[in-house]
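Heads up: the sequence shown begins at 34 in our numbering, then just goes up one per residue. Glycine included, each C-beta is placed from N, C-alpha and C at the ideal position.
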Amino acid sequence: MTIRKYILPLGLALLSPISSHHSFAEAPTNINVKTSKAKGLCVITLPGGNAPETDKSMSLEFTYRPSDGIFRVSVLVNGWPRAQEEDPNKDFPLTLTFDTEQTTASGSGGYSSGFNDKLWGIWPAGDSANEAVSMLIDAKSVHLKADGMDLGKFDLQVKGMVYNWINNCAIEKRENDK
């Protein structure tokens, strides 16, 4: 499966039904996301609850690199002792379970510290990344688990919004690279 080449522009996707059983009336009145198209990446970040065993808020970041098709999901926390103290070479999968009952686990994952402390998972280019990204098409929420932790459920705010943004960004970047 490949990323869909044609989809509604993001503005239309947010104002139009994304599936036959989803209506604009069900959409939240406030969309709270951060996006970036810098450095050849398509990044969309959404707020979450608190990191396990802390009062530190989490953000969920989806990153897709159109040049090679690698897909990364990161949990960002500012000042997270768990990420700061763990071995940066530790490798474990990040498991995503969507409200559509689809589940995927990254090929690898770990911790890193810097401006934000991160727990991340990477799906390598090809079928693995394409299947993971395609699970976002009908998703409105995702539950994350990694390294023995339950990171909880993240609200993706509008069904299919994350997929549509990544897909539209990837199309734009590929067209601009021609």
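- In its chain, beyond the 5 residues on either side, 138, 139 and 142 have a beta carbon closer than 6 Å to the beta carbon of residue 126.
- Residue pairing for residue 83: DSSP places it in a beta bridge opposite 90.
- Under the DSSP assignment, residue 194 falls outside any beta strand (DSSP E), being part of the alpha helix (DSSP H) whose first and last residues are 194 to 209.
- Between the alpha carbons of residue 103 and residue 203 lies a distance of about 12 Å.
- Taking a 10 Å sphere around the C-beta of residue 179, we find 16 or more other C-beta atoms and assign the residue as buried.
- No Cβ-Cβ contact shorter than 8 Å links residue 167 with residue 189.
- Measuring C-alpha to C-alpha distances from residue 83 to each of 194, 187 and 210 identifies 187 as the nearest.
- If you check the CB distance, residue 77 and residue 195 come in under 8 Å.
- Ranked by how close their Cα comes to the Cα of residue 150, the residues 65, 193, 134 and 114 have 114 in first place.
- In this structure residue 91 is not in contact with residue 106, their Cβ atoms being roughly 12 Å apart against a cut-off of 8 Å.
- Bounds of any beta strand (DSSP E) do not take in residue 172, whose DSSP letter is neither H nor E.
- Annotated three-state conformation of residue 185 is strand, per DSSP.
- A Cβ-Cβ separation of about 15 Å leaves residue 161 out of contact with residue 153 under the 8 Å criterion.
- Distance from the CA atom of residue 201 to the CA atom of residue 207, rounded to whole angstroms, is 10 Å.
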